[in-house]
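First up is the structure itself, then whatever we jot down about it.
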Amino acid sequence: LAKTTQPISMDSYEGQEVNITCSHNNIATNDYITWYQQFPSQGPRFIIQGYKTKVTNEVASLFIPADRKSSTLSLPRVSLSDTAVYYCLVGGNSGYALNFGKGTSLLVTP
Amino acid sequence: GAVVSQHPSWVICKSGTSVKIECRSLDFQATTMFWYRQFPKQSLMLMATSNEGSKATYEQGVEKDKFLINHASLTLSTLTVTSAHPEDSSFYICSARGRPGSSYNEQFFGPGTRLTVL
Chain A
2 LAKTTQPISM DSYEGQEVNI TCSHNNIATN DYITWYQQFP SQGPRFIIQG
52 YKTKVTNEVA SLFIPADRKS STLSLPRVSL SDTAVYYCLV GGNSGYALNF
102 GKGTSLLVTP
Chain B
2 GAVVSQHPSW VICKSGTSVK IECRSLDFQA TTMFWYRQFP KQSLMLMATS
52 NEGSKATYEQ GVEKDKFLIN HASLTLSTLT VTSAHPEDSS FYICSARGRP
102 GSSYNEQFFG PGTRLTVL
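Residue numbers (the numbering used here), protein chains in the order written: chain A, 2 to 111; chain B, 2 to 119.
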């Protein structure tokens with residue numbers, strides 16, 4: 002299973018763009034990259050998923066370089082409610098469980 | 002679509018008793034369900050994987066006789082913590098995956114169940 006590495010924590014002010022980068026050097030050819038958000042005492046919530054290049058939805062963008070050994074989650078104009086832990090995971094389409102790394106704890110302040 | 006529910010959302014029990022947690026996929030058929038455990042300020046740790054109609058596969062270090070998993074239907078899986086002890090107090094999260102090739106072929110997570118053992 003591909004191991005992921007992300008910063009343990011990040012701080013941001015409201016209204017700023019936040020970019021969280023994740024390293025996954027041994028990603029497999031058929032692995033997708035998925036990001037989840039988790040608030041305290043809640044289950045993880047799906048944010049975005051991609052395979053290569055760029056994916057954008059209503060809440061975030063995901064940038065994946067050609068070698069797919071890393072990915073960057075971009076949150077435009079964060080608000081206080083974006084304070085949460087963000088997990089980067091690879092895999093997911095093989096039927097095996099997603100394995101969570103330590104995640105990035107994002108703190109957004111006024 | 003793709004809603005996964007858990008019941009109860011929280012439970013308090015006495016040491017030595019058993020507790021059952023239900024996980025349901027409300028609008029899709031979950032051929033595979035996963036159970037995770039999360040301790041405070043830690044990440045989710047996979048406990049077991051269950052396929053409908055089959056015995057669950059447990060991760061290393063997880064006692065299968067203590068954490069009984071039943072996946073009797075395509076919409077319901079249960080986790081029973083037997084003879085619970087205070088160290089079993091944790092946040093239990095299930096997730097469900099639909100059939101390969103379907104639009105539900107990814108993991109959808111439930112809201113979690115907070116277990117406190119006194």
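Quick reminder that beta carbons are idealized off the backbone N, C-alpha and C, glycines included.
Check, Outcome
"8 Å Cβ cutoff met for A:Leu63 and A:Lys53", "no"
"Close Cβ partners of B:Arg98 (< 8 Å) along its chain, the five nearest in sequence each way excluded", "Ala31, Thr32, Thr33, Met34, Phe35, Tyr105, Asn106, Glu107, Gln108 and Phe109"
"Proximal residues to B:Phe40 (C-beta, below 6 Å), its chain only, five neighbours per side dropped", "Ser91"
"CA nearest to the CA of B:Gln61, picked from B:Thr50, B:Gly54, B:Asn71 and B:Ser55", "B:Thr50"
"Assigned exposure category for A:Tyr37 - 16 Cβ within 10 Å defines buried", "buried"
"Check whether A:Ile34 and A:Thr105 have beta carbons under 8 Å apart", "no"
"Beta-carbon contacts of A:Val118 that lie in its chain and below 6 Å, excluding the five residues immediately before and after", "This structure leaves residue 118 of chain A out entirely; chain A is present only between 2 and 111."
"For A:Gly92 and A:Gln7, believed in contact at Cβ under 8 Å, the rounded distance", "Incorrect: roughly 16 Å between the Cβ atoms, too far for contact."
"Neighbouring residues, chain B, relative to A:Asn100 (Cβ below 8 Å)", "Leu47"
"Partners in chain B for A:Gln43, counting only beta-carbon separations shorter than 7 Å", "Pro112 and Gly113"
"Cutoff 8 Å: B:Thr79 Cβ touching any chain A Cβ", "no"
"Candidates B:Pro112, B:Thr18, B:Ile22 and B:Tyr59, of which the one nearest B:Ser78 by Cα", "B:Ile22"
"For B:Thr18, the first and last residue of its enclosing beta strand (DSSP E)", "No beta strand (DSSP E) holds B:Thr18; DSSP gives it neither H nor E."
"Option in A:Leu90, A:Val109 and A:Tyr97 with minimal Cα separation from A:Phe118", "Nothing about residue 118 of chain A can be read from this structure; chain A reaches only from 2 to 111."
"Beta-carbon proximity of A:Val109 to A:Leu81, cut-off 8 Å", "yes"
"Alpha carbon of A:Asp68 to alpha carbon of B:Thr81, nearest angstrom", "43 Å"
"Reduced DSSP category for A:Ser106 - H, G, I as helix; E, B as strand; rest coil", "strand"
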